[in-house]
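Visitor: Protein chains in written order, with full-length UniProt numbering: chain P, 1 to 332; chain E, 1 to 332. In this text, a Cβ means the ideal position worked out from N, Cα and C, and glycines have one as well. This is the structure I have questions about; it appears just below.
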């Protein structure tokens with residue numbers, strides 16, 4: 001007896017997740033319990049053009065399925081995270097600057113190439129979902145994910161689902177304004193969290209310090225090379241006890257704490273997950289963040305929340321893509 | 001033929017809304033289309049104790065029903081807004097400082113007194129819902145409501161419903177931290193929006209100015225009486241062109257704009273509604289708020305949002321209570 005269309009998809013016991021980044025594509029295959037059966041990493045090759053990138057995605061899915069020993073016919077759905085604003089309903093990517101894409105119907109194109117239902121979402125939203133379901137998030141219904149690296153990004157899980165807002169733009173945690181007269185952000189505004197606490201912001205402050213002939217401890221950590229002053233160098237100098245570096249890391253942590261406190265008071269989440277390279281830079285920034293959060297959040301919101309480090313590292317996005325595919329194919 | 005229990009409630013064509021305040025109780029009766037048939041206002045008499053207040057609620061509902069010509073048997077549900085943290089699931093009010101209440105099972109008590117399903121929510125959340133459904137909110141799925149008067153409060157409508165957060169504490173917009181070294185807020189923290197832009201904050205700045213022997217234009221607006229310096233007086237002096245008053249109103253507007261921008265970037269709502277006495281104080285604060293919002297919000301979030309004045313005034317809460325009762329009895 002031939003099964004119906006829906007019955008057919010229901011009997012499909014696997015999902016595919018893809019995290020499409022500016023430099024690499026991570027692809028994974030999992031079963032319905034969320035156990036990962038295979039992982040593949042390939043270079044994006046964004047400079048080789050849109051068709052090349054789409055071919056790389058399709059190939060990486062084929063390789064991941066082969067490594068997992070799963071046929072396409074056994075896959076219920078694929079989820080894919082893309083760096084840029086998009087419409088999760090239609091799968092149209094409005095803009096992906098790192099890929100040179102504009103108004104691309106990625107969901108449709110991949111759906112027809114992979115012969116699967118394909119669900120597209122923003123990479124930061126999927127990282128939030130990944131940490132929520134498989135990482136540090138304890139499958140919380142109300143979770144805020146913040147990633148601090150070159151920039152500051154994030155995603156919101158509200159009521160158990162990714163919260164997209166009215167036009168898909170929610171979760172721009174890096175652009176919460178914290179200092180009306182603060183430094184200019186890449187977005188053009190002044191005093192955004194990203195301009196105060198990102199790796200770029202930390203490095204910029206250190207570079208400015210060194211340019212003034214100060215920050216000698218930081219400069220020495222960079223081997224005396226001004227061009228080598230980075231957030232990582234500042235963090236290392238701070239961990240080593242350098243006063244100026246400690247001040248820079250603490251200030252970044254304080255602004256992060258202000259943002260976290262504001263988010264606690266506004267959204268009353270049960271979990272806040274902080275990830276990204278800068279959050280792994282020792283305890284100085286983390287402690288300053290926690291101290292300011294405790295000082296600025298209402299006790300009612302503070303009592304209920306766990307503030308934790310991300311658990312999945314660079315796999316958060318692909319795990320979220322798997323979670324999205326699972327969630328979307330659950331009802332089928 | 002006797003109808004079933006649910007069938008019985010479905011045939012009930014009216015709802016009751018109550019806004020329980022520290023000084024007054026507003027009660028209204030509406031039909032299923034949301035047309036208000038009667039309105040009643042009585043004093044809360046909080047100092048006369050809990051039983052008195054509950055009796056006043058029950059009586060005001062009876063009076064409102066009689067004025068509307070509606071019998072209790074024709075009412076599907078009642079909604080009630082309470083000033084303080086509570087559990088909307090159980091109807092337990094944790095704390096209502098203005099009423100002297102603590103851990104009161106209000107939903108249960110009123111349900112048995114009124115012989116109706118009673119739904120309890122926070123007053124600011126219901127004002128948000130009221131403005132969303134019947135006021136300036138255009139029935140938006142994603143709406144942020146901010147009320148600026150003595151304090152700063154608010155509520156979030158996300159995905160078409162009141163967003164409560166993990167433990168009912170969401171929407172504390174007044175306690176978003178905007179200035180790490182700002183003035184102390186009533187909540188004990190520093191630099192909350194409420195400590196920077198509420199009527200109390202505006203008055204405090206003016207009082208301090210006058211105490212320094214400055215702010216003569218403001219003092220003269222208060223009839224030369226230092227004790228008469230209020231936010232209303234500052235607003236009037238500002239509208240009259242007084243430079244110091246203008247500066248105070250503009251600063252409050254700027255902080256409001258910072259908060260609105262942060263909320264736009266975080267939540268990407270389609271409507272922001274601003275109400276409360278301070279928002280009605282002329283155009284200086286409003287324009288400063290808009291200018292800062294435009295400067296600090298991402299253009300993607302800004303393009304999609306309408307920032308509007310509240311339309312319901314002090315009726316927002318009771319209209320929200322009606323909307324809640326309608327929403328909850330829709331499925332019945």
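Is the region 290–301 of chain E in contact with the region 185–200 of chain P, if contact means three or more CB pairs nearer than 8 Å?
Guide: yes
Visitor: Hey, would you say residue 71 of chain E sits closer than 8 Å to residue 42 of chain E, going by beta carbons?
Guide: no
Visitor: Hey, would you say residue 222 of chain E sits closer than 8 Å to residue 278 of chain E, going by beta carbons?
Guide: no
Visitor: Taking 8 Å as the threshold, find out whether the region 282–294 of chain E comes into contact with the region 247–257 of chain E through three or more Cβ pairs.
Guide: yes
Visitor: Just to confirm my understanding: we take residue 39 of chain P, look at its own chain, exclude 5 residues before and 5 after, and list those with CB closer than 6 Å. What are they?
Guide: 28
Visitor: Is the shortest distance between the beta-carbon of residue 162 of chain E and the beta-carbons of chain P less than 8 Å?
Guide: no
Visitor: Given that residue 142 of chain E touches chain P, what residues does it touch there, using C-beta distances under 7 Å?
Guide: 165, 166
Visitor: Looking only at its own chain, which residues have a Cβ that is under 8 Å from the Cβ of residue 182 of chain E, when we skip the five neighbours before and after it?
Guide: 190, 191, 192, 195, 196
Visitor: Give the interface partners of residue 279 of chain E over in chain P, defined as CB-CB distance under 7 Å, in chain order.
Guide: Simply none; closest approach about 19 Å.
Visitor: Straight-line CA distance for residue 3 of chain P to residue 12 of chain P?
Guide: The pLDDT assigned to residue 3 of chain P is 45, lower than 50, so where the model puts this residue is not dependable, and the model offers no usable value.
Visitor: Would DSSP call residue 145 of chain P helix, strand or coil?
Guide: strand
Visitor: Anything in chain P within Cβ reach of residue 296 of chain E, meaning under 7 Å, just list it in chain order.
Guide: 177, 189
Visitor: Helix, strand or coil, according to DSSP, for residue 181 of chain P in the structure here?
Guide: coil
Visitor: If we define contact as Cβ-Cβ less than 8 Å, is residue 269 of chain P a contact residue for chain E?
Guide: yes
Visitor: Counting only runs that start and end within the region 79–124 of chain P, where is the alpha helix (DSSP H) found for 4 or more residues in a row?
Guide: 106–114
Visitor: Indicate whether the contact test is met: 3 or more Cβ pairs, each with one atom in the region 140–150 of chain E and one in the region 112–127 of chain E, closer than 8 Å.
Guide: The region 140–150 of chain E is in contact with the region 112–127 of chain E.
Visitor: Which residue marks the beginning of the alpha helix (DSSP H) containing residue 200 of chain E, and which one marks its end?
Guide: 199–211
Visitor: Can you confirm whether residue 300 of chain P, when its beta carbon is compared against all beta carbons of chain E, has any partner nearer than 8 Å?
Guide: Yes - at least one Cβ of chain E is within 8 Å of the one on residue 300 of chain P.
Visitor: Please report how far the alpha carbon of residue 317 of chain P lies from the alpha carbon of residue 85 of chain P, in whole angstroms.
Guide: Cα to Cα, residue 317 of chain P sits roughly 15 Å from residue 85 of chain P.
Visitor: Taking the alpha carbon of residue 305 of chain P as the point to measure from, which residue in P:23, P:77, P:140 has its own alpha carbon closest?
Guide: P:140
Visitor: Need the endpoints of the beta strand (DSSP E) that residue 12 of chain E sits in, please.
Guide: First-last for residue 12 of chain E: undefined, no H or E at that position.
Visitor: Per DSSP, which one or two residues make a beta bridge with residue 65 of chain P?
Guide: In DSSP, residue 65 of chain P forms no bridge with anything.
Visitor: Name the chain E residues that come within less than 8 Å of residue 254 of chain P, Cβ to Cβ?
Guide: 180
Visitor: Going by CA-CA distance only, name the one from E:150, E:44, E:283 that's closest to residue 185 of chain E.
Guide: E:150
Visitor: Checking 8 Å against the spacing of the C-beta atoms, do residue 324 of chain E and residue 134 of chain E come in under that value?
Guide: Going by C-beta atoms, residue 324 of chain E is not nearer than 8 Å to residue 134 of chain E.
Visitor: Using the C-alpha atoms, what's the distance from residue 136 of chain P back to residue 273 of chain P?
Guide: 7 Å
Visitor: Taking just the CA atoms, how far does residue 95 of chain P sit from residue 89 of chain P?
Guide: 16 Å
Visitor: Can you look up residue 59 of chain P in the DSSP assignment and give me helix, strand or coil?
Guide: helix
Visitor: Please list the partners that residue 173 of chain E has in chain P, where partner means a Cβ-to-Cβ separation under 7 Å.
Guide: 266
Visitor: For residue 192 of chain P, which residues does DSSP report across the bridge?
Guide: P:177
Visitor: Only counting the same chain, and skipping five residues up and downstream in sequence, which positions put a Cβ closer than 7 Å to that of residue 53 of chain P?
Guide: 44, 45, 46, 99
Visitor: Measuring alpha carbon to alpha carbon, tell me which residue in E:107, E:19, E:329, E:167 is nearest residue 271 of chain P.
Guide: With distances taken between Cα atoms, residue 271 of chain P lies closest to E:167.
Visitor: Would you report the Cα separation of residue 50 of chain E and residue 121 of chain E, rounded to the nearest angstrom?
Guide: The alpha-carbon atoms of residue 50 of chain E and residue 121 of chain E are separated by roughly 18 Å.
Visitor: With 8 Å set as the bound, which would you pick, yes or no: does the beta-carbon of residue 258 of chain E sit closer than that to a beta-carbon of chain P?
Guide: yes
Visitor: Determine which residues share a DSSP beta bridge with residue 308 of chain P and list them.
Guide: Bridge partners of residue 308 of chain P: P:273.
Visitor: Just reading off the alpha helix (DSSP H) that residue 30 of chain E is part of, what are its end residues?
Guide: Per DSSP, residue 30 of chain E is not a residue of any alpha helix (DSSP H); the beta strand (DSSP E) it occupies stretches across 24–31.
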